[in-house]
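Heads up: the protein sequence lines correspond to chains A, B, C and D, in order.
My numbering puts the first residue of the first sequence at 4, with every later residue one more than the last.
My numbering puts the first residue of the second sequence at 4, with every later residue one more than the last.
My numbering puts the first residue of the third sequence at 4, with every later residue one more than the last.
My numbering puts the first residue of the fourth sequence at 4, with every later residue one more than the last.
Scroll down for the structure; my scribbles are underneath it.
4 protein chains.
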Amino acid sequence: MKKLRIALLGAGRIGKLHADNLVRSVANAQLVALADPMLNDDTIEWAKSIGIERCEKDPSVLIADPDIDAVFICSSTATHADLIRESAAAKKHIFCEKPIDHKLDRIREALKAVEDAGVLLQIGFVRRFDHNHKKVRDTVASGRLGKPHIVKVTSRDPEPQSAEYVKTSGGIFIDMTIHDFDMLRYLAGSEVVEVFAYGAIRIDPELEKLGDVDTAIVTVKFENGALGVVDNSRAARYGYDQRTEVHCDKGCVQVANDLIDTSMISTSDGVYCEKPTWFFLERYNQAFIDEATAFVDAALNGKPSPVNGNDGLQPVLIALAADKSMREGRPVKISELSRD
Amino acid sequence: MKKLRIALLGAGRIGKLHADNLVRSVANAQLVALADPMLNDDTIEWAKSIGIERCEKDPSVLIADPDIDAVFICSSTATHADLIRESAAAKKHIFCEKPIDHKLDRIREALKAVEDAGVLLQIGFVRRFDHNHKKVRDTVASGRLGKPHIVKVTSRDPEPQSAEYVKTSGGIFIDMTIHDFDMLRYLAGSEVVEVFAYGAIRIDPELEKLGDVDTAIVTVKFENGALGVVDNSRAARYGYDQRTEVHCDKGCVQVANDLIDTSMISTSDGVYCEKPTWFFLERYNQAFIDEATAFVDAALNGKPSPVNGNDGLQPVLIALAADKSMREGRPVKISELSRD
Amino acid sequence: MKKLRIALLGAGRIGKLHADNLVRSVANAQLVALADPMLNDDTIEWAKSIGIERCEKDPSVLIADPDIDAVFICSSTATHADLIRESAAAKKHIFCEKPIDHKLDRIREALKAVEDAGVLLQIGFVRRFDHNHKKVRDTVASGRLGKPHIVKVTSRDPEPQSAEYVKTSGGIFIDMTIHDFDMLRYLAGSEVVEVFAYGAIRIDPELEKLGDVDTAIVTVKFENGALGVVDNSRAARYGYDQRTEVHCDKGCVQVANDLIDTSMISTSDGVYCEKPTWFFLERYNQAFIDEATAFVDAALNGKPSPVNGNDGLQPVLIALAADKSMREGRPVKISELSRD
Amino acid sequence: MKKLRIALLGAGRIGKLHADNLVRSVANAQLVALADPMLNDDTIEWAKSIGIERCEKDPSVLIADPDIDAVFICSSTATHADLIRESAAAKKHIFCEKPIDHKLDRIREALKAVEDAGVLLQIGFVRRFDHNHKKVRDTVASGRLGKPHIVKVTSRDPEPQSAEYVKTSGGIFIDMTIHDFDMLRYLAGSEVVEVFAYGAIRIDPELEKLGDVDTAIVTVKFENGALGVVDNSRAARYGYDQRTEVHCDKGCVQVANDLIDTSMISTSDGVYCEKPTWFFLERYNQAFIDEATAFVDAALNGKPSPVNGNDGLQPVLIALAADKSMREGRPVKISELSRD
């Protein structure tokens, strides 16, 4: 069986995670090189330890290499759009971490390049590959519960990001809720057409200066007539809280968090159970593997992208609309933004 | 021990429920008479069977009777405000089913009469006495989780009301969500200051003519800075879905539905558990008893009302604001309505 | 509708519980009198407060009264067999608390008297009326899971009985496990034919002098070929632990404890849930009502007893066999005892 | 960091599983060779695909190779004891699948050889590394619940083994329950001193000819005074049922099965949840990795064996005692066998 020869572009935390998975757990993947502008000895040693023999500083060198079939773009967000365009031009299949960009025109240019080149583009909305959320979606998509009425996403991080991080993050909606906006579309099987967002600062008063919030509730209208809601918090001290639910004609499907273990300890004080798995590395561990496996499968077998360019664009649109809604104190239609 | 001598005003379904509880399950209550404008032989026979000896058509006769200490107003909504005023004037303690009225000025007149007379008024927001929701509220109120950030209420009826019923119900927010608006205030320990509502018709297309909806998501801002959300459906085919959750500084408290039993049946097809208890009669059975017990206790011992006049007024304000929000497509401040 | 006129024989804790239920919650029951050899002013006042007008010291006076249809025997165990015989002779329907007696010959004489008189006898194995255990039994009895293989009963009291109590209790098997032996038969739908018991003193070293144990595991063979097991403890500090499970051809049905509420409180320390309802008064509250209702229904409508004389006899046989097994360190056949 | 150079002895299903884990998921392990008497092209190709370059038919060649530090004995049970002795003599560290042997004298000889050689021996009781069972054990071992009273293990396979397999398996106690006997010791932190076993044929009547059973309940007494019980079935149609529980002085710790996902689908028919993960490959997937990691760590760092020779011997003793108990219809002391 032919293997997909992959170059990793960006060897930060998420890049290393994908690299480990590609090497250890993804059939038919061959991670042959990496490029990172901050390349140093530690990275080179790590690369060697997992069998990557070629390390570059300049991604363009790898993108230009005809011996490479595909790239994993795991560099900083600001570089995504350009790397997509360059890779597409070089006819590489592309896995790109979310978001493509914060700017709509840059996203559109990147998607145009992908379309023109006819290459595969898969965006890193990893939660679609989680066994729990996937079960919700598959149950809704099967039609056995009839049409959806209410789509709910609870999404809370275990601990707040630093002010430093928040400053360049693009705000809670583009940084954190974007995953939940993807979930809404994925679970409902329909596009979001209007958004209303309430935000609040409940955890870190410093956010006021940055114009950001740490707590939010966003409600949406879907094209198919259903309603949706996301609730977000930057700090769930009990761990990563990731629950989804869809209420339909004939019933409701919902998933709870994966827990560290299934223990119940009963004493005179009460019954103690375990917390959710701590954060995304633990919760979505298998989903990251399945995501990469799906990419390799699609690339080798000419299958359509499981998370395509439009799937990358829409959550950004919703996030920008949510931000506008919160600032202007009114519901915002997605069409207002697409016209921009 | 002195008993509280009570007259039941209105012997429909909910009136009979309260009567049964007062007779069988509430200490120090003595249900001595009832009045119902539609009084018939069936009602008289039923009254006799539970030991009520006096049946009247005209409630005023009982309200005027100096031998009666308190009234349970369980008649149609349109009569509540007048009966409250008349009973207050006669110095009776008053338990009144929700809502007091759909009109703010009539509510205010009734509350003024109660205040002037110095009698007890308790509004029938029975869910406050449910063991589950009470646990959420007590946990938040204890402060052990710090201040609240997000308050969530899921509230779905098992099956849609008839179009006939909906016509005079005042709409979903005043008829159904009003209980959830009470829950929001109760759980957050703070007043709602602004509301945004999305509604949808997902179940019964007939509602369009009536200007009502059967599916809704309402988000609110609280005075203390927290955010809240209610999701409603008129049809949860698996039964009455009543869940609440408050996410706070140091953690989250949530309650699931009471189930018919705790069984798990595991087969090759999956694991089957029981559904929630069917509807409010089953789910809030004990809460109705505890509600009446609290009223009798407050009346006999001069305690403050556990659900007072303002607790009756605020959910109506929120419901009217939610209705306005849905119709005008914008968030509505409660202060806009209070100024009316 | 004719009401069943009932006399209460024995007004201790369990007698008062049945009396309250008969008065408040059981349709077509009329509790008209009580007899208690220790009758005092408190009991008379209590009786009056729930509407019982006649109080006697001597049960024979009530048993002889032709105006009484049925008796609830709630006196001390030593008196059960004689009161059954006397009541049967007087053609009264009989509800009798468990156990009928500790001696097999006295049980058999009592059952003979009932049979000769053709009256109804129902033994107070209240757990058969619990919504959870009943669901297990009904699922097995329906045949949808095929034939049973393994029947499991976990039964633990929240706190140990006093040495004083234990002294006259007949030992753990006749006092506590007897309910579980009834459950085994009820759930399996088959008779126990052999028993092996291990006992241990893990809680109260004083029990050694009394020849009793506080911890036990009893395994049984059923006539239908299935196996069963009970585990008992006198002290589950988290509350009354009452779980049952039947593993069958096509799957398994099990029930967990009823909990005080459904709350989950998640913090950095873990997730806290509520404990089981505290003890039998809380857990089997509704089952006691349903048990009495079933008795009144059977008496008034000539239905067979839901828990008949043989259902009273068999658990005593199993308990005696378990005791013998533990003392002799070998499995004991029920037939060894029946031959006695 | 030095790596442990390992040879795999036996490349059947379980051998391949360990090999995959050693190659992909265990730090500091280097799987350098395999030996399998049935070596064929498929095995050679598979070995190559995961980077094993040397394949032999004769394990002795590898055991004799001074370049190899450790062996994984995954061959058929009958060969275990000899391979242990040979490997110990060659000063290799030894991981050996359970059981060491069915015969006590052969086990003792093997353990003697290990002791004499001073090498590491770890027996493959993988469940000790499962996050759930480990949590039960750690909770008991911490002492926070006081001393244990009752230890319970439920262990049911999803589907019966073939008669062919059963014929040479040594019977249910040595083949299947042996894992549960290990769990009993592990959870109780104490040795089993006496066993009583009931067995039944409920699934496959063919077993009668083979003198085996498919359903069993085994009760035990521990040295520390606690009691224990295992219930086994060869067929749980809903999947691999693996639950453990320890009831202690101050409370109870129990673990439920890991489920395929956390979904709840609520409809008018009831609430459907997912089944347990299918069988040991799914349920103990991570435990197999952790087990191998612990071995490599102990070998490289001179730590004591997490599952030593006595841990391999005791469950065989209990299994033989259980078999004797079932056949002779009496409790059997472990000391009866050790004397043999």
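Here a beta-carbon is modelled for each residue, glycine too, at the ideal position from N, C-alpha and C.
Given the structure is predicted, the values throughout are model-derived calculations rather than measurements.
| Query | Result |
| --- | --- |
| Cβ-based neighbour list, residue 267/C, same chain, cut-off 8 Å, excluding 5 preceding and 5 following | 274, 275, 276 |
| Contact the segment 277–291 of chain B vs the segment 85–96 of chain B: 3+ CB pairs below 8 Å | no |
| Residues that residue 129/D bridges to, as DSSP identifies them | According to DSSP, residue 129/D bridges with nothing at all. |
| Opposing strand residues paired with residue 244/C [DSSP bridges] | 159/C |
| CA-to-CA distance, residue 153/B to residue 333/B, given in whole angstroms | 21 Å |
| Every unbroken alpha helix (DSSP H) inside the segment 89–128 of chain C [4 residues or more] | 107–120 |
| Pair within 9 Å by beta-carbon distance, residue 200/C and residue 326/C | yes |
| Beta-carbon contacts of residue 229/D that lie in its chain and below 8 Å, excluding the five residues immediately before and after | 150, 151, 152, 153, 154, 191, 193 |
| Span of the beta strand (DSSP E) around residue 234/A | 230–236 |
| Through-space distance from residue 215/D to residue 168/D, alpha-carbon basis | 12 Å |
| Chain-ordered residues of the segment 150–171 of chain A with a beta carbon less than 7 Å from chain C | none |
| Contacts around residue 297/A, its chain only, beta-carbon distance under 8 Å, and the 5 residues preceding and following it disregarded | 125, 132, 309 |
| Backbone secondary structure at residue 62/A - three-state DSSP | helix |
| Helix, strand or coil at residue 277/B according to DSSP, with G and I counted as helix | coil |
| Coarse secondary structure for residue 310/A, derived from DSSP in three states | coil |
| Residues near residue 50/D by beta carbon distance below 7 Å, same chain, minus five either side | 37, 58 |
| Segment contact, 8 Å Cβ cut-off, at least three pairs: the segment 236–251 of chain D with the segment 109–123 of chain D | no |
| Reduced DSSP category for residue 12/B - H, G, I as helix; E, B as strand; rest coil | strand |
| Continuous beta strand (DSSP E) assignments of at least 3 residues falling wholly in the segment 165–224 of chain C | 195–203 |
| Bridge-paired residues (DSSP) for residue 268/C | 256/B, 275/C |
| Residue 255/D: contacting residues in chain B (beta-carbon distance under 7 Å) | What residue 255/D touches in chain B: nothing, since even the nearest Cβ is about 17 Å away. |
| Nearest-angstrom Cα separation, counted from residue 70/D out to residue 18/A | 36 Å |
| As assigned by DSSP and simplified to three states, the class of residue 333/D | coil |
| Residue 294/C versus 25/C, 256/C, 7/C, 12/C, residue with shortest Cα-Cα distance | 25/C |
| Buried/exposed call for residue 291/B, threshold 16 Cβ in 10 Å | buried |
| Beta-carbon proximity of residue 185/C to residue 317/C, cut-off 9 Å | yes |
| Limits of the alpha helix (DSSP H) - the one that residue 74/C falls within | From DSSP, residue 74/C is part of no alpha helix (DSSP H) but of the beta strand (DSSP E) over 73–76. |
| Chain C residues whose Cβ lies nearer than 7 Å to that of residue 264/B | 134, 135, 138, 258 |
| DSSP three-state assignment for residue 263/C, whether helix, strand or coil | coil |
| N- and C-terminal bounds of the alpha helix (DSSP H) containing residue 284/C | 283–286 |
| Proximal residues of chain A, C-beta to C-beta of residue 243/C below 7 Å | Per Cβ cutoff of 7 Å: no residues; residue 243/C is ~11 Å from chain A at best. |
| Contact set for residue 218/C: own chain, Cβ-Cβ below 8 Å, skip 5 residues either direction | 202, 203, 204, 205, 206, 235, 236, 237 |
| Any C-beta of chain A under 9 Å from that of residue 267/D | yes |
| Contacts of residue 287/D in chain C (Cβ-Cβ under 8 Å) | In chain order: nothing, as chain C lies at least about 21 Å away. |
| Contained beta strand (DSSP E) runs [length at least 3] in the segment 22–59 of chain C, N- to C-terminal order | 32–38, 57–59 |
| Of the listed residues 98/C, 305/C, 97/C, 85/C, nearest to residue 106/C (C-alpha basis) | 85/C |
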